[in-house]
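This note's numbering puts the sequence shown at residues 1 to 250.
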Amino acid sequence: MSQNLNFANQDLRDRSFKGRNLVGADFSGADIRGCNFSRAQLKSANFDNVLTGKSQRQTVISSIISFVMALMVASTAMIAMILLITFVISFIFGTAIVNREIVYWVAIVLIVVFAVSFAITFTISFTGTKGIFVAIPISLITAFTSGLWGSTFTKILVVGAFNAIARLLRFNGFVALLIFLAIAPLQIFGSLYLFKLLINISQVSTGTKFQYADLTKASFDQATLVNCDFSKAIMDDVNLQPSQILRSKL
Numbered sequence: 001m002s003q004n005l006n007f008a009n010q011d012l013r014d015r016s017f018k019g020r021n022l023v024g025a026d027f028s029g030a031d032i033r034g035c036n037f038s039r040a041q042l043k044s045a046n047f048d049n050v051l052t053g054k055s056q057r058q059t060v061i062s063s064i065i066s067f068v069m070a071l072m073v074a075s076t077a078m079i080a081m082i083l084l085i086t087f088v089i090s091f092i093f094g095t096a097i098v099n100r101e102i103v104y105w106v107a108i109v110l111i112v113v114f115a116v117s118f119a120i121t122f123t124i125s126f127t128g129t130k131g132i133f134v135a136i137p138i139s140l141i142t143a144f145t146s147g148l149w150g151s152t153f154t155k156i157l158v159v160g161a162f163n164a165i166a167r168l169l170r171f172n173g174f175v176a177l178l179i180f181l182a183i184a185p186l187q188i189f190g191s192l193y194l195f196k197l198l199i200n201i202s203q204v205s206t207g208t209k210f211q212y213a214d215l216t217k218a219s220f221d222q223a224t225l226v227n228c229d230f231s232k233a234i235m236d237d238v239n240l241q242p243s244q245i246l247r248s249k250l
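Have a look at this one:
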């Protein structure tokens, strides 16, 4: 075997072999977490006892993406709730009785509740149920910062929403109700779509990639195949026995 095709027992995490000619290469016992073998020529390649899946770098990036997406979901749902509360209070009690300050403080409480819930959920998702003691101080800090920093944002949002809703209610309450019923479902579906997108990203997030690779007669004997993507790969006479396959696309 050519020396440059001998990768046995090496730490190859996050390396890219995309499109390379690796016919007969030996990766046995190697750590190939985060590697990209897309469109590579891997006929008769040896992947016995390899370790696949997400690398630490991929896990960090995936966590950041999940955090941003989760924050978008929570923000969208929170804004929808603020608009809903503004409309309901104004519709029931009338804009003559209800003022912006009342709605503003209701919205501030809602922001703090959303922020604390988000902090607890996200912290526990990483630390497990035992991480509740970590989540509590994080939640208190989040409650303070969201109430402090969120006040300006909330005031702008509430003022705009309240003024718009108040004008509509003064013009025609029935028309205002119809418009709100048309807008509210869009906000709800938007939140659900972002939530579904977040779940798909977390599920599809791949560690080791073999898309469109030619794996004819390759061997994965005793390999641990976790978070691998073999979509569109040529898998003729591939030895996958008795490898362990978890959360992989074949």
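Glycine included, each C-beta is placed from N, C-alpha and C at the ideal position. Computed from a prediction, not measured in an experiment: that's the story for all the values here.
- prompt: In terms of alpha-carbon separation, which member of Gly34, Ala30, Ile65 lies closest to asparagine 46?
  reply: As a working mapping, residue 46 is identified with position 46 in the sequence shown. Of Gly34, Ala30, Ile65, the residue nearest in Cα terms is Ala30.
query: By Cβ distance below 7 Å, which residues in the same chain neighbour methionine 1 in space, the five residues on each side in sequence not counted?
result: Residue 1 sits at position 1 when you count from the first residue of the sequence shown. Its pLDDT being 47, under 50, methionine 1 is placed unreliably by the model, and the measurement read from it follows with that caveat. Excluding positions up to five away in sequence, the list reads Gly24, Asp26.
message: By the three-class DSSP mapping on this structure, what secondary structure does threonine 208 have?
response: The residue labelled residue 208 in the question sits at position 208 within the sequence shown. Residue state for threonine 208 is assigned as strand, using DSSP reduced to three classes.
- prompt: With contact counted as at least three CB pairs below 8 Å, one residue from each stretch, are the stretch 229-239 and the stretch 55-71 in contact?
  reply: In short, these stretches do not touch, since the Cβ pair count stays below three.
query: Quick one: what does DSSP say asparagine 227 is sitting in, helix, strand or coil?
result: Here residue 227 refers to the residue found at position 227 when the sequence shown is read from its first residue. In this structure, asparagine 227 counts as coil in the three-state DSSP scheme.
query: Taking the Cβ atom as the reference point for each residue, do aspartate 48 and alanine 233 lie within a distance shorter than 8 Å?
result: As a first step, residue 48 must be located in the sequence shown, where it is residue number 48. As a first step, residue 233 must be located in the sequence shown, where it is residue number 233. Alanine 233 is positioned such that its CB atom lies no closer than 8 Å to that of aspartate 48.
query: Is it buried or exposed for aspartate 11, if we count other Cβ within 10 angstroms and need 16 for buried?
result: Here residue 11 refers to the residue found at position 11 when the sequence shown is read from its first residue. Aspartate 11 comes out exposed.
query: Is the distance from the Cβ of isoleucine 245 to the Cβ of leucine 225 below 8 Å?
result: Within the sequence shown, the letter at position 245 stands for residue 245. Within the sequence shown, the letter at position 225 stands for residue 225. Cβ distance < 8 Å, so isoleucine 245 and leucine 225 count as in contact.
query: Taking arginine 13 as the reference, which of Lys217, Ser28, Gly207 has the closest Cα?
result: To locate residue 13, count along the sequence shown from 1; it is residue 13. Measuring from the Cα of arginine 13, the nearest candidate turns out to be Gly207.
query: How is methionine 1 classed by DSSP in three states: helix, strand or coil?
result: Here residue 1 refers to the residue found at position 1 when the sequence shown is read from its first residue. Confidence in methionine 1 is poor, its pLDDT being 47 and thus under 50, which makes the residue's placement unreliable; the coordinate value appears in the next sentence. Note: methionine 1 maps to coil in three-state DSSP.
- prompt: What residues in its chain sit with their C-beta under 8 Å from that of asparagine 21, if we drop five residues either side in the sequence?
  reply: The residue you call residue 21 lines up with position 21 of the sequence shown. Ala40, Gln41, listed in sequence order.
Enclosing beta strand (DSSP E) for leucine 215 [first to last residue]: Here residue 215 refers to the residue found at position 215 when the sequence shown is read from its first residue. Here leucine 215 belongs to no beta strand (DSSP E), and DSSP marks it neither H nor E.
- prompt: Is it the case that the Cβ atoms of lysine 18 and asparagine 227 are separated by a distance below 8 Å?
  reply: Along the sequence shown, read from residue 1 onward, the residue named residue 18 stands at position 18. Along the sequence shown, read from residue 1 onward, the residue named residue 227 stands at position 227. Not a contact, by the Cβ cut-off of 8 Å.
task: Whole angstroms is fine: what's the gap from methionine 69's alpha carbon to phenylalanine 7's?
output: For this step, residue 69 is matched to residue 69 along the sequence shown. For this step, residue 7 is matched to residue 7 along the sequence shown. Between methionine 69 and phenylalanine 7, the C-alpha separation is close to 37 Å.
Straight-line Cα distance separating isoleucine 82 from aspartate 229: In the sequence shown, the residue the question calls residue 229 occupies position 229. In the sequence shown, the residue the question calls residue 82 occupies position 82. Cα-Cα distance, rounded: 42 Å.
Whole-angstrom distance between threonine 76 and alanine 107, CA atom to CA atom: Position 107 of the sequence shown holds residue 107. Position 76 of the sequence shown holds residue 76. Rounded to whole angstroms, alanine 107 to threonine 76 spans 14 Å at the Cα level.
- request: List the whole-angstrom C-beta distance separating serine 16 from glutamine 211, where the pair is believed to meet the contact cut-off of C-beta under 8 Å.
  value: By one-based count along the sequence shown, residue 16 stands at place 16. By one-based count along the sequence shown, residue 211 stands at place 211. Wrong, their Cβ atoms sit about 13 Å apart, outside the cutoff.
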